[in-house]
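From first to last, the protein sequence lines are chains A and B. FYI, our numbering numbers position 152 of the first sequence as 152, with every residue one higher than the one before it. FYI, our numbering numbers position 66 of the second sequence as 66, with every residue one higher than the one before it. Note that beta-carbon positions come from the ideal geometry of N, C-alpha and C, so glycine has one too. Take a look at the structure set out below.
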Amino acid sequence: MTISRRDALKTALLAAGSTLAAPAIMRQAALGADPIKVVGIHDASGGLDIYGQPMIACLDFAVDEANAAGGLLGRPIELINYDPQSNIQLYTQFATQAATKDKAAVVHGGITSASREAIRPILDRFKTLYFYNTQYEGGVCDRNIFCTGSTPAQNVNKLVPYVQKHWGKNVYIVAADYNYGQITSKWITKYVREGGGQVLSVDFFPLDVTNFGPAISKIQAAKPDAVISALVGGAHISFYRQWAAAGLKKTIPIASTTFGGGNESVLLTPEEGDGIVSAFSYFQEIDTPENKAFLEKFHAKMGPKAPYLGAELAMRTYIGFNLWAEGVKRAKSIDRMAVIKALESGISMDTPAGKTTLDPKTHHTTVDVFVAECANHGFKVLETFPQQPPLDTASVCDLAAHPNEAKQYEVDVKI
Amino acid sequence: MDYAVVVALQIVSGVATLVIVSLGLAVVFGMMRVINLAHGEFLMLGGYTAILASGQGVNLWIAILVLPPIAVGIIGAVVERVLIRRLYGRMIDTMLATWGLSLAFIGGVTMLFGNSVTGISAPLGSFEVGRFHVAGYDLFLVAASVAMSLAIWIVLKFTPAGLIARGTMQNAEMAAALGVPPDRVYALTFTAGAALSGLAGGLIAPVSGVLPTMGTAYIAKAFITVITGGAAMLTGTLVASGLLGSVLTIFTFLTTPVFGEVALLVVAIVLLRLLPRGITGRFLRRAL
Numbered sequence: 001m002t003i004s005r006r007d008a009l010k011t012a013l014l015a016a017g018s019t020l021a022a023p024a025i026m027r028q029a030a031l032g033a034d035p036i037k038v039v040g041i042h043d044a045s046g047g048l049d050i051y052g053q054p055m056i057a058c059l060d061f062a063v064d065e066a067n068a069a070g071g072l073l074g075r076p077i078e079l080i081n082y083d084p085q086s087n088i089q090l091y092t093q094f095a096t097q098a099a100t101k102d103k104a105a106v107v108h109g110g111i112t113s114a115s116r117e118a119i120r121p122i123l124d125r126f127k128t129l130y131f132y133n134t135q136y137e138g139g140v141c142d143r144n145i146f147c148t149g150s151t152p153a154q155n156v157n158k159l160v161p162y163v164q165k166h167w168g169k170n171v172y173i174v175a176a177d178y179n180y181g182q183i184t185s186k187w188i189t190k191y192v193r194e195g196g197g198q199v200l201s202v203d204f205f206p207l208d209v210t211n212f213g214p215a216i217s218k219i220q221a222a223k224p225d226a227v228i229s230a231l232v233g234g235a236h237i238s239f240y241r242q243w244a245a246a247g248l249k250k251t252i253p254i255a256s257t258t259f260g261g262g263n264e265s266v267l268l269t270p271e272e273g274d275g276i277v278s279a280f281s282y283f284q285e286i287d288t289p290e291n292k293a294f295l296e297k298f299h300a301k302m303g304p305k306a307p308y309l310g311a312e313l314a315m316r317t318y319i320g321f322n323l324w325a326e327g328v329k330r331a332k333s334i335d336r337m338a339v340i341k342a343l344e345s346g347i348s349m350d351t352p353a354g355k356t357t358l359d360p361k362t363h364h365t366t367v368d369v370f371v372a373e374c375a376n377h378g379f380k381v382l383e384t385f386p387q388q389p390p391l392d393t394a395s396v397c398d399l400a401a402h403p404n405e406a407k408q409y410e411v412d413v414k415i
Numbered sequence: 001m002d003y004a005v006v007v008a009l010q011i012v013s014g015v016a017t018l019v020i021v022s023l024g025l026a027v028v029f030g031m032m033r034v035i036n037l038a039h040g041e042f043l044m045l046g047g048y049t050a051i052l053a054s055g056q057g058v059n060l061w062i063a064i065l066v067l068p069p070i071a072v073g074i075i076g077a078v079v080e081r082v083l084i085r086r087l088y089g090r091m092i093d094t095m096l097a098t099w100g101l102s103l104a105f106i107g108g109v110t111m112l113f114g115n116s117v118t119g120i121s122a123p124l125g126s127f128e129v130g131r132f133h134v135a136g137y138d139l140f141l142v143a144a145s146v147a148m149s150l151a152i153w154i155v156l157k158f159t160p161a162g163l164i165a166r167g168t169m170q171n172a173e174m175a176a177a178l179g180v181p182p183d184r185v186y187a188l189t190f191t192a193g194a195a196l197s198g199l200a201g202g203l204i205a206p207v208s209g210v211l212p213t214m215g216t217a218y219i220a221k222a223f224i225t226v227i228t229g230g231a232a233m234l235t236g237t238l239v240a241s242g243l244l245g246s247v248l249t250i251f252t253f254l255t256t257p258v259f260g261e262v263a264l265l266v267v268a269i270v271l272l273r274l275l276p277r278g279i280t281g282r283f284l285r286r287a288l
């Protein structure tokens with residue numbers, strides 16, 4: 001991009017104009033009539049839309065619900081949704097826009113860990129509160145961010161023992177080639193070794209790989225008891241198809257830390273998908289009165305266009321918004337520090353996914369974890385582990401003692 | 001031993017996939033010099049035709065082999081009539097227009113069908129090579145790529161239509177002077193290219209799955225193959241697919257998929273540095 005003199009002049013004028021306008025905006029805020037701005041940044045298009053679209057639907061629903069109940073602090077909530085199109089560059093652009101142009105009270109968004117790490121420093125710098133509502137590899141230690149999804153000590157820690165108990169000790173890992181896959185495969189390795197097994201090999205795949213033929217041959221040559229997948233996005237779903245097409249489903253079962261986070265189970269036929277096991281802090285199928293009541297309202301509101309919620313990503317987005325709203329109510333303000341302090345006062349909430357408690361020291365959540373098996377385009381819950389704390393992040397992060405930390409810790413497992 | 005057989009099978013099926021996804025582009029770009037950045041979306045539309053038809057209870061083979069080329073052929077004819085026809089000879093404008101078209105197709109399909117249509121499982125089951133299982137559909141794809149190439153060769157070489165098409169692409173004015181309407185030849189050739197892309201989409205639907213964005217995973221490889229192939233569009237595409245497909249698969253086996261793709265790009269770049277007009281710009285120049 002080149003900046004012409006005219007553009008530079010325009011920018012300067014705009015900047016000057018907005019400086020002059022700032023007192024006017026503040027005065028308006030004091031009147032309390034203008035809406036509170038909430039920004040959502042989720043991929044509504046591109047390869048990650050299989051996760052993004054249900055998340056956006058849930059954020060929309062949560063905001064509508066809050067507005068119907070009278071808004072927050074007597075002010076309506078205005079939701080601004082940006083679509084970064086599965087493109088990291090657009091993430092940084094929209095995060096800057098949310099902080100500087102929209103002056104958002106909070107940003108909910110980011111799906112892949114790569115997108116989170118792209119916008120986290122930006123929102124830190126502009127002092128804009130950030131909620132990341134996706135299950136991820138853990139370790140983020142930053143007072144400006146709240147991570148409401150589950151992490152390896154909660155999900156991988158349940159998935160691996162299930163695999164080793166039912167299928168066998170030795171596994172083969174296939175993972176997406178970016179920070180999520182790299183770090184999660186280390187966690188899987190750690191738990192597999194603790195269970196007395198071996199990781200025969202770890203293969204990483206860029207997000208646009210669709211041909212898994214060579215990988216499938218390699219896995220067969222290694223003869224694992226099970227395959228654990230941390231594959232991400234639309235293109236990677238081909239792995240499960242090609243696995244089934246090679247007739248391997250009956251010989252080597254698959255477990256996954258990501259399968260079901262999007263609409264994988266809907267896209268695959270039952271012959272291809274059934275029997276794949278995953279662990280998340282929510283499945284649309286969990287059988288509780290709160291979940292049934294939520295789904296009834298959600299479907300009444302969205303009609304036939306209601307997306308399948310699958311595993312936790314969409315539900316955590318709904319819960320993430322409500323946790324933030326609770327923080328605002330307690331702080332009686334949308335001021336960033338006031339809301340952070342309120343959220344650190346020990347908020348616990350009954351949600352459709354069970355009780356969710358925000359941990360003040362790590363800004364992560366204690367959640368119920370479910371191990372479930374894909375069955376006929378949906379999931380069948382096999383095991384429930386109530387109230388699992390985020391021990392992985394807690395072992396390295398204490399924001400009460402070190403409030404100025406802003407980094408991501410990585411688990412140290414030698415492979 | 002059986003491992004060697006399996007690796008060989010993977011190489012052959014990797015090459016076949018590259019041939020299948022590139023042939024439609026070879027006709028449109030290799031013959032007509034139209035840079036069709038919506039090629040990937042033609043594949044995607046073929047894939048959607050296949051899975052929607054099969055979801056409606058249409059016989060699987062008809063859904064994969066018959067309906068996608070017809071549907072995408074019709075779409076291609078419309079696109080040529082309203083868009084491409086106005087842009088012949090204006091390469092940059094064509095790129096921009098077809099890129100816009102590709103975005104419009106992705107958006108349109110997402111709006112119409114969403115991104116969650118259940119796919120089709122690969123038919124034909126699997127067979128065993130020693131202790132390895134291999135999908136039967138992989139072999140079917142190999143057969144399909146051979147059949148598609150043969151069909152194109154026969155049409156271009158032995159039918160009057162093929163002769164007219166080749167003549168018009170070589171020298172449109174001379175063809176017009178001889179009483180051939182170049183407009184109609186261009187339109188039909190583009191339609192045929194689109195139909196081939198549609199067929200490719202139908203063929204790969206059971207292995208790759210179908211999403212509105214699936215085209216993006218194939219378009220770059222298709223262009224690299226056709227450009228590396230060079231002037232003789234059929235021979236070039238086949239030779240380039242053979243070379244690049246083997247490099248990709250062998251390096252994927254030896255290292256990781258990341259280095260497989262790196263190796264493919266390195267080979268393509270080195271080749272184009274040494275042979276700027278593609279492989280068939282230097283060798284096999286008189287081939288089709």
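Host beta strand (DSSP E) of residue i (start-end)
i, result
"His-133 (chain B)", "132-135"
"Glu-373 (chain A)", "365-375"
"Ser-116 (chain B)", "Neither: Ser-116 (chain B) is in no beta strand (DSSP E) and is coded neither H nor E."
"Ile-80 (chain A)", "77-82"
"Ser-265 (chain A)", "It is not in any beta strand (DSSP E) - Ser-265 (chain A) instead sits in the alpha helix (DSSP H) that spans 264-267."
Residue i to residue j span [Cα, whole Å]
i, j, result
"Val-7 (chain B)", "Leu-60 (chain B)", "29 angstroms"
"Ala-104 (chain A)", "Gly-24 (chain B)", "48 angstroms"
"Leu-31 (chain A)", "Val-369 (chain A)", "Any reading at Leu-31 (chain A) needs caution, since the residue's pLDDT is 43, under 50, leaving its predicted position unreliable; the model's value is listed next. Near 44 angstroms, if we compare the C-alpha coordinates of Val-369 (chain A) and Leu-31 (chain A)."
"Tyr-318 (chain A)", "Leu-203 (chain B)", "39 angstroms"
"Val-367 (chain A)", "Asp-225 (chain A)", "30 angstroms"
"Asn-263 (chain A)", "Asp-49 (chain A)", "10 angstroms"
"Asp-359 (chain A)", "Ile-77 (chain A)", "26 angstroms"
"Asp-124 (chain A)", "Asn-144 (chain A)", "6 angstroms"
"Pro-206 (chain A)", "Gln-85 (chain A)", "17 angstroms"
"Ile-101 (chain B)", "Asp-142 (chain A)", "Reading the sequence as shown, one finds Leu at residue 101 (chain B) and not Ile. The straight-line gap from Cα to Cα measures roughly 43 angstroms."
"Gly-181 (chain A)", "Leu-309 (chain A)", "22 angstroms"
"Ala-244 (chain A)", "Leu-59 (chain A)", "35 angstroms"
"Pro-123 (chain B)", "Ala-215 (chain A)", "21 angstroms"
"Ile-25 (chain A)", "Leu-43 (chain B)", "For Ile-25 (chain A), the pLDDT reaches just 44, beneath the cut-off of 50, and the residue's location in the model is therefore unreliable, although a value from the coordinates is still provided. Ile-25 (chain A) and Leu-43 (chain B): Cα-Cα distance of roughly 51 angstroms."
"Leu-159 (chain A)", "Pro-253 (chain A)", "13 angstroms"
"Phe-212 (chain A)", "Phe-251 (chain B)", "13 angstroms"
"Pro-181 (chain B)", "Leu-188 (chain B)", "11 angstroms"
N-terminal and C-terminal residue of the alpha helix (DSSP H) that residue i is part of
i, result
"His-299 (chain A)", "289-302"
"Ala-231 (chain B)", "Element bounds for Ala-231 (chain B): n/a, residue is neither H nor E."
"Glu-65 (chain A)", "49-68"
"Asp-2 (chain B)", "2-25"
Contact set between residue i and chain A, taken where Cβ atoms lie within less than 7 angstroms
i, result
"Thr-110 (chain B)", "Ser-45"
Chain-ordered neighbours of residue i on chain A, where CB pairs are closer than 8 angstroms
i, result
"Gly-201 (chain B)", "Result: empty, since nearest Cβ-Cβ is about 13 angstroms, beyond 8 angstroms."
"Ile-106 (chain B)", "Ser-45"
"Asn-115 (chain B)", "Asp-49, Ile-50, Gln-53, Gly-234 and Asn-263"
"Ile-120 (chain B)", "Thr-269"
"Tyr-366 (chain B)", "Nothing in the structure corresponds to residue 366 (chain B), since chain B is present only between 1 and 288."
Chain B residues whose Cβ lies nearer than 9 angstroms to that of residue i
i, result
"Leu-248 (chain A)", "Ser-126 and His-133"
"Phe-204 (chain A)", "Thr-256, Pro-257 and Val-258"
Listed by chain order, chain B residues near residue i by CB distance under 7 angstroms
i, result
"Thr-210 (chain A)", "Ser-208 and Ala-217"
"Asp-177 (chain A)", "Val-258"
"Ile-237 (chain A)", "Gly-209"
Contact list for residue i against chain A, beta-carbon separation under 9 angstroms
i, result
"Val-7 (chain B)", "Pro-214 and Ser-217"
Note down, in chain order, all residues in the region 95-111 of chain A with a beta-carbon under 9 angstroms from any beta-carbon belonging to chain B. none
Tell me, please, whether the region 87-94 of chain A touches the region 62-77 of chain A by the rule of three or more beta-carbon pairs shorter than 8 angstroms. no
Check whether the region 381-397 of chain A touches the region 116-123 of chain A, counting contact only when three or more Cβ pairs, one atom from each stretch, lie closer than 8 angstroms. By the Cβ rule, the region 381-397 of chain A does not count as touching the region 116-123 of chain A, because fewer than three pairs are nearer than 8 angstroms.
Name, going along the chain, the residues of the region 245-273 of chain B whose beta-carbon falls closer than 8 angstroms to a beta-carbon of chain A. Thr-249, Thr-252, Phe-253, Thr-256, Pro-257, Val-258, Gly-260 and Glu-261
Inspect the CB distances between the region 272-287 of chain A and the region 329-341 of chain A and report whether three or more fall short of 8 angstroms. Contact fails: fewer than three Cβ-Cβ distances are below 8 angstroms.
Count the C-beta pairs between the region 222-241 of chain A and the region 338-353 of chain A that are closer than 8 angstroms, then say yes if the count reaches three, no if not. Below 8 angstroms, too few C-beta pairs join the region 222-241 of chain A and the region 338-353 of chain A to call them touching: fewer than three.
Compile a chain-ordered list of the residues in the region 257-279 of chain A whose CB is closer than 8 angstroms to at least one CB of chain B. Asn-263, Val-266, Leu-267, Leu-268, Thr-269, Glu-271 and Glu-272
With a threshold of 8 angstroms, are at least 3 pairs of Cβ atoms found where one atom belongs to the region 37-47 of chain B and the other to the region 214-224 of chain B? yes
Tell me which residues of the region 60-89 of chain B have at least one Cβ-Cβ distance to chain A shorter than 7 angstroms, keeping chain order. none
Using a Cβ-Cβ cut-off of less than 8 angstroms, give me the residues of the region 298-312 of chain A that come near chain B, in sequence order. Pro-307 and Tyr-308
Quick one, which residues of the region 13-28 of chain B are near chain A if we go by CB-CB under 9 angstroms, in chain order? Ser-13, Gly-14 and Thr-17
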